[in-house]
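Here the protein sequences line up with chains A and B, keeping their order. Counting from 367, one number per residue, gives the positions in the first sequence under the working numbering. Counting from 367, one number per residue, gives the positions in the second sequence under the working numbering.
Protein chains: 2
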Amino acid sequence: MDRLIDKIKKFMNPTVVGLDPNLSYIPDYIKKESLNNFGNTFKAAADCILKFNMQIIDAICDVVPAVKPQMAYYELYGYDGILALHKTISYAKSKGMYVIVDGKRNDIGTTMEAYSRAYLGKTELFNGKEHSAFDGDSLTVNGYLGSDGVKPLLSDCLTYDKTIFVLMKTSNPSSGELQDKQFNGNETVYDYMGSMCEEWGKDTIGKYGYSKVGAVVGATYPDELRKLRARFPHTFFLVPGYGAQGGKADDVALAFKDGIGAIINSSRAILCAWQKNDCDPFKFADQARKEAIRMKKDIVARL
Amino acid sequence: MDRLIDKIKKFMNPTVVGLDPNLSYIPDYIKKESLNNFGNTFKAAADCILKFNMQIIDAICDVVPAVKPQMAYYELYGYDGILALHKTISYAKSKGMYVIVDGKRNDIGTTMEAYSRAYLGKTELFNGKEHSAFDGDSLTVNGYLGSDGVKPLLSDCLTYDKTIFVLMKTSNPSSGELQDKQFNGNETVYDYMGSMCEEWGKDTIGKYGYSKVGAVVGATYPDELRKLRARFPHTFFLVPGYGAQGGKADDVALAFKDGIGAIINSSRAILCAWQKNDCDPFKFADQARKEAIRMKKDIVARL
């Protein structure tokens, strides 16, 4: 996790911008250009998503350390969308940003190896040649299948200096249906997942005391956030739910200890800042930058 | 689930062939042709995977009702791999096969809607135009996030007559780490997930008594399979773990009641039958067909 924490320290900004590019977030002038060039097709949708993302990245890359593309919004446009995702990842990395691919992948051992190679490591082609398919810096993971579904990622994390974030306590309203249930002895499912994260990560702890196995903990459950921060000292948190989902700066501050320990995500509030402020659509990226800086200040003031 | 069960009854064959196309499964003559045409690239890998899949589909489509492409093995080759997946799904459907997209997707509400549209429903483009990105018949899903992460799929399941399979008790060795743990009252995590499947599916029960919300239960845990079949009468089971993973016909027979209630997956044993039998590589598809028929007889004899 050192590489991510170094970037956070450099910018003094523990936030990540979620790139969840709904077409309704994109200004008409960009959509019109893509429509003119490619017709009413997936290719046009993917083209305007990529253009939108690139301008957002240009506007934030000197103030925000990381982006988090949410795969669903690219898979929605088929292989054209996946090509836009690939180019978004490459572009963000070329601008020095840390890229957390939000895919929440999960499967049994050999299949998880394939996901690991696809998103963090390298794919084997013919005659031993290897090439990276997506080359993210980090991947979100669902641990329902246990160690078999997480350990295959660890070797790529070590070889290529990458990280993962395992779902612990998610930000959505129904997350408690399973995650809050208590085992005999009053340990919750999310507590247990946290213990597994500490165990999976124990041989990968870096200079800041955090392992390469982080966890997703929602800002919408501040009491849990406080308890989990104390209980799992080597697990770095990726915190969704700030802003549009209702999480406040005082809530997300609970994810930190001594000023580090978490990165806070905001997606819609940043991508749609230009709509909320009813401003010139041509200045959507400036508005995103302003909102990113406002968010940084809002959070850093509480640490 | 009626459309799938109708196909199973037509062929008197409750099995599905997993399309997990590792390059090492593909005969050299196919790989050489793709290498000659596209060089040592993702495009070449995707090309030979598609050719392999199409020949497998041609060889089994009159005896096997369904295929289950495992997304990891396509994502491994980036957007070229996703294009091969798209074409594989289309081709299998054109041959009358039911396509279960094995993606184990999971996320919060609005994002899950995007996955649902991508794999089961239709994607909205510009000016209200809609188009299907992948148009699978079914998608595998991980229910760790609770109802918010499953309910968005139900409306597409109803509108487009599609289904989902939620992970309940998976086939891998470590599945018990979380899934076997007991809540106060001795209910296990997988029991609880099964109860949620019955609840999610209750308004979608078809003519055979099964809902559109199926569940994944591994053949490698036959005791659980027997108990779960009795406990969740409206939940159709997708059963991995037969063959290469160690599940036997006597084990998978426990997933059925009155001859229906489950579909059994085999991937490697069918795709690699030509290697196991050391036969002419040009007859790989014939060998896959023979193994598919052997598997069918093996299982049907126990029902």
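Just so it is clear, CB atoms sit at the ideal spot from N, CA and C, and this is done for glycine as well.
According to the DSSP assignment, phenylalanine 377 of chain A belongs to no beta strand (DSSP E) but to the alpha helix (DSSP H) extending over 368 to 377. Residues of the segment 532 to 553 of chain A whose Cβ lies closer than 8 Å to any Cβ of chain B, in chain order: Leu533, Thr536, Ser537, Asn538, Pro539, Ser540, Ser541, Gly542, Glu543, Leu544, Gln545, Lys547, Gln548, Phe549 and Asn550. For tryptophan 640 of chain A, the closest alpha carbon among the candidates A:Gly447, A:Asn403 and A:Phe650 is that of A:Phe650.
In this structure, DSSP gives isoleucine 415 of chain A a helical state, which the three-state scheme calls helix. Nearest Cα to lysine 409 of chain B within the set A:Ile571, A:Thr489, A:Ile455 and A:Lys375: A:Thr489.
Under a 10 Å Cβ-count criterion, tyrosine 445 of chain A is classified as buried, with 16 or more other Cβ atoms of the shown protein chains found around its own Cβ.
What aspartate 473 of chain A touches in chain B, judged by beta-carbon distance under 7 Å, is Ala438 and Lys470, going in chain order.
By a beta-carbon distance limit of 8 Å, cysteine 638 of chain A does not contact lysine 578 of chain A. Their separation comes to about 33 Å. Residue pairing by DSSP places leucine 604 of chain B opposite B:Val582 and B:Ile629 in a beta bridge.
For glycine 567 of chain A, the uninterrupted alpha helix (DSSP H) run begins and ends at 555 to 567, by DSSP. Within the same chain, and ignoring the five residues on either side of glycine 607 of chain B in sequence, the residues whose Cβ sits closer than 7 Å to its Cβ are Ser537, Gly584, Ala585, Thr586 and Gly613.
Distance from the Cα of alanine 484 of chain B is smallest, within the candidate group B:Gly494, B:Asp644, B:Phe492 and B:Gly469, for B:Gly469. For the pair glycine 384 of chain A and serine 541 of chain A, the CB atoms are not nearer than the 7 Å cut-off. Going by DSSP, proline 588 of chain B is part of the alpha helix (DSSP H) stretching over 588 to 597. When secondary structure is reduced to three states using DSSP, threonine 529 of chain A falls in the strand class. Per DSSP, the beta bridge partners of leucine 385 of chain A are A:Pro435. Taking threonine 506 of chain A as reference, the option from A:Gly625, A:Lys398, A:Leu451 and A:Asn472 with the minimal CA-CA separation is A:Asn472. In this structure, tyrosine 457 of chain B sits near methionine 420 of chain B, with a CB-CB distance shorter than 7 Å. Put simply, of B:Asp514, B:Phe598 and B:Tyr440 the residue whose alpha carbon is nearest the alpha carbon of glycine 475 of chain B is B:Asp514. Chain B has no Cβ within less than 7 Å of the Cβ of threonine 525 of chain A. Of the residues A:Val555, A:Ala450, A:Val382 and A:Tyr526, the one whose Cα lies closest to the Cα of leucine 604 of chain A is A:Val382. The straight-line gap separating the alpha-carbon atoms of arginine 655 of chain B and aspartate 646 of chain B is approximately 14 Å. Annotation: tyrosine 574 of chain A is outside any alpha helix (DSSP H) and is labelled neither H nor E by DSSP. Nearest in C-alpha terms to valine 618 of chain A, of all of A:Lys663, A:Asp652 and A:His600, is A:Lys663.
Judged by DSSP secondary structure, serine 504 of chain A falls within the beta strand (DSSP E) whose first and last residues are 504 to 507. Under the Cβ criterion of 7 Å, aspartate 569 of chain A is not counted among the residues facing chain B. Lysine 488 of chain A carries a coil assignment under DSSP once its states are collapsed to helix, strand and coil. Sequence-ordered contacts of the segment 499 to 517 of chain A with chain B read Ala499, Phe500, Asn508, Gly509, Tyr510, Leu511, Gly512, Ser513, Asp514 and Gly515 [C-beta pairs closer than 8 Å]. Residue pairing by DSSP puts aspartate 468 of chain B in a beta bridge opposite B:Gln436. In the three-state reduction of the DSSP assignment, glutamine 548 of chain B falls in the strand class, which pools E and B. About 5 Å separates the CB atoms of valine 582 of chain A and phenylalanine 531 of chain A; that is less than 8 Å, so the two are in contact. Lysine 614 of chain B sits in coil when the DSSP states are folded into three classes, being neither helix nor strand. In the same chain as alanine 615 of chain B, and ignoring 5 residues on each side of it, the C-beta atoms closer than 6 Å to its own belong to Asp664, Ile665 and Arg668, in chain order. For glycine 447 of chain A, the enclosing alpha helix (DSSP H) has its first and last residue at 444 to 460.
In the DSSP assignment, glutamate 657 of chain A forms no beta bridge with any residue. Measuring C-alpha to C-alpha distances from valine 433 of chain A to each of A:Met661, A:Arg660 and A:Asn631 identifies A:Asn631 as the nearest.
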